[in-house]
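Residue numbers (the working numbering): 15 to 236.
Below, the structure is given as structure tokens:
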């Protein structure tokens with residue numbers, strides 16, 4: 015069994031018998047010994063979604079205390095509160111969400127801020143070519159090239175389907191990259207670091223493709 019198959023098998027590991035459709039991410043190579051949240055209700059499928067976690071529990075972040083750090087290859091490293099992010103130009107869109115494991119949720123309504131507008135504040139240097147998105151759910155992270163991250167439908171979302179983003183969906187802030195499979199849309203984003211080139215994210219280190227274009231990656235075809 016190759017590394018990609020191992021990673022995919024871990025992603026599809028059944029949590030407990032009798033809980034149909036309940037999946038969590040699990041590293042079967044032994045790096046992570048346990049990836050089941052303390053509250054099973056937090057990952058019960060709802061409205062077509064499957065909520066994945068790689069830790070013992072989902073991050074629980076106080077929105078009032080939240081800060082997004084932007085650093086790396088920028089002219090003005092900064093820390094943004096949720097209020098700061100809401101003061102930036104508001105972006106709204108409706109897009110589908112596709113998981114590499116085969117399920118999709120159609121017509122998700124997102125609201126937040128474009129990555130490009132955030133970078134206008136921090137000022138990417140000329141040597142910046144990629145963005146690393148770091149989750150509060152350690153050690154989850156992923157990267158996009160600067161060109162990918164500034165596509166017109168990529169955003170950092172703080173609202174979903176007309177309400178505040180919920181904890182299972184990555185509150186208070188998550189990345190939304192509709193053209194790639196869901197593992198690229200990092201939840202609970204706590205830091206953005208600009209780099210010269212992308213670095214392997216959590217799932218890329220377990221065999222998944224760096225560029226997760228829907229229908230054109232991970233051995234899948236449209």
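Glycine is no exception: its CB is placed at the ideal position from the N, C-alpha and C atoms. All figures in this text were calculated on a predicted structure; none of them were measured in a lab.
Sorted by chain position, which residues of the same chain lie with C-beta nearer than 8 angstroms to residue i's C-beta, five sequence neighbours on each side aside?
i, result
"residue 118", "62, 110, 111, 112"
"residue 196", "111, 112, 113, 114"
If we count the other Cβ atoms within 10 Å of its Cβ and call it buried at 16 or more, is residue i buried or exposed?
i, result
"residue 216", "buried"
"residue 139", "exposed"
"residue 229", "exposed"
"residue 214", "exposed"
"residue 125", "buried"
"residue 116", "exposed"
"residue 78", "exposed"
"residue 106", "exposed"
"residue 212", "buried"
Residue i and residue j look like a contact to me (Cβ under 8 angstroms); what is the Cβ gap, rounded to whole Å?
i, j, result
"residue 102", "residue 127", "5 angstroms"
"residue 194", "residue 226", "4 angstroms"
"residue 137", "residue 89", "4 angstroms"
"residue 144", "residue 160", "6 angstroms"
Go through its chain and collect everything with a Cβ distance to residue i's Cβ below 6 angstroms, but skip five positions before and after it.
i, result
"residue 191", "168, 198, 199"
"residue 185", "179"
"residue 120", "110"
"residue 131", "102, 103"
"residue 218", "224"
"residue 202", "73, 149, 150, 151, 184"
"residue 94", "82"
Find out if the Cβ-Cβ distance for the pair residue i, residue j is shorter than 9 angstroms.
i, j, result
"residue 210", "residue 157", "no"
"residue 141", "residue 99", "no"
"residue 234", "residue 96", "no"
"residue 129", "residue 108", "no"
"residue 208", "residue 85", "yes"
"residue 83", "residue 91", "yes"
"residue 68", "residue 153", "yes"
Closest Cβ-Cβ distance between residue i and chain B: below 9 angstroms?
i, result
"residue 69", "Among the chains in the structure shown there is no chain B, since it carries only a single protein chain."
Take residue i and list the residues in its own chain whose beta-carbon comes closer than 7 angstroms to its own, dropping the five residues that flank it on each side.
i, result
"residue 163", "129, 145"
"residue 134", "none"
| Inter-stretch contact (C-beta, 8 angstroms, three-pair minimum) for the segment 63-76 and the segment 160-179 | Below 8 angstroms, too few C-beta pairs join the segment 63-76 and the segment 160-179 to call them touching: fewer than three.
| query | If you pair each beta-carbon of the segment 143-160 with each one of the segment 66-76, do three or more pairs fall below 8 angstroms? | reply | As far as the Cβ criterion goes, the segment 143-160 touches the segment 66-76, which means the pair count is three or higher.
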